[in-house]
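S.K.:
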Amino acid sequence: MLKIWSMKKEQQQAENAVVGKKKKVTAAQLRVQNDLSELSLPSTMKVDFPDADDILNFLLTIEPDEGMYKGGRFVFTFAINQNFPHDPPKVKCKQKIYHPNIDTQGNVCLNILREEWKPVLNLNAVIVGLQLLFLEPNASDPLNKEAAENLKTDRQGFVRNVRQAMGGGSVRGDTFDRVLK
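In full-length UniProt numbering, the protein residues as written are 1 to 181.
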């Protein structure tokens, strides 16, 4: 009888050890999982997870098929903290590009990532906002003031500079990453 009781106790400890190893799912992870399940990305975009066990950090690739950034491949990192959706995701462009709303360090100026963020917004809203930045850059709310001024005063010159930069060339002494596919 003592042996049976001892075996049951060992079995219980083994089951508890397995249960203890399961990771607790956070509210942020649940929300991100829900947002990702509702995404319907066009063929010009894709999401990658460098660490399959970490859905709070992922990559978004945008390959515009129209507009002045057509033919480029732009990769953004998404870092979502445990306070999501109360805090917006941190989004950065991995390449150094010539864009009025993306500075040379990859920081992105998108109003819904800052003061206009609300918990009801989802990842799809952010992705659509990024897509719009490539279709119609916003010179009124710039991070790269030089590029914004160029867009405001000489749109054709701006388009030439974008093409030059996308090929890995220099614009006004700044060399950019080649992003053409």
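For each residue, glycine too, the CB sits at the ideal point set by N, CA and C.
No experiment lies behind these values; they were computed from the predicted model shown.
If I measure Cβ to Cβ from F158 and keep anything under 8 Å in the same chain, skipping five residues before and after, which residues do I get?
M.R.: M68, A147, N150, L151
S.K.: Using the DSSP secondary-structure output, state which residues sit across from T77 in a beta bridge.
M.R.: L59, K92
S.K.: Which residues mark the beginning and the end of the beta strand (DSSP E) in which K46 is found?
M.R.: It spans 45 to 48 - the beta strand (DSSP E) in which K46 sits, taken as one unbroken run.
S.K.: Could you pull the start and end residues of the alpha helix (DSSP H) that N124 belongs to?
M.R.: 123 to 135
S.K.: Label F49 either buried or exposed according to how many other C-beta atoms from any shown protein chain fall within 10 Å of its C-beta, with 16 as the threshold for buried.
M.R.: exposed
S.K.: Can you grab the Cα-Cα spacing for the pair M45 / K24, in whole Å?
M.R.: The alpha-carbon atoms of M45 and K24 are separated by roughly 31 Å.
S.K.: Under a three-way DSSP split, which group does V179 fall into?
M.R.: coil
S.K.: With DSSP as the reference, identify every bridge partner of S170, one or two as the case may be.
M.R.: T175
S.K.: Could you tell me which of L30, D35, Q29, T26 sits nearest to V126, measuring between CA atoms?
M.R.: Closest by C-alpha distance to V126, out of L30, D35, Q29, T26, is D35.
S.K.: If contacts are defined as beta-carbon pairs under 8 Å, then P137 and N111 qualify, I think. What distance do you get, rounded to the angstrom?
M.R.: Actually they do not touch by this definition, with Cβ atoms about 14 Å apart.
S.K.: How should E66 be labelled, buried or exposed, when 16 other C-beta atoms within 10 angstroms of its C-beta is the threshold for buried?
M.R.: Result: exposed.
S.K.: Return the residue from the list G173, R31, A52 that minimises the CA-CA distance to I80.
M.R.: Ranking G173, R31, A52 by Cα distance to I80 puts R31 first.
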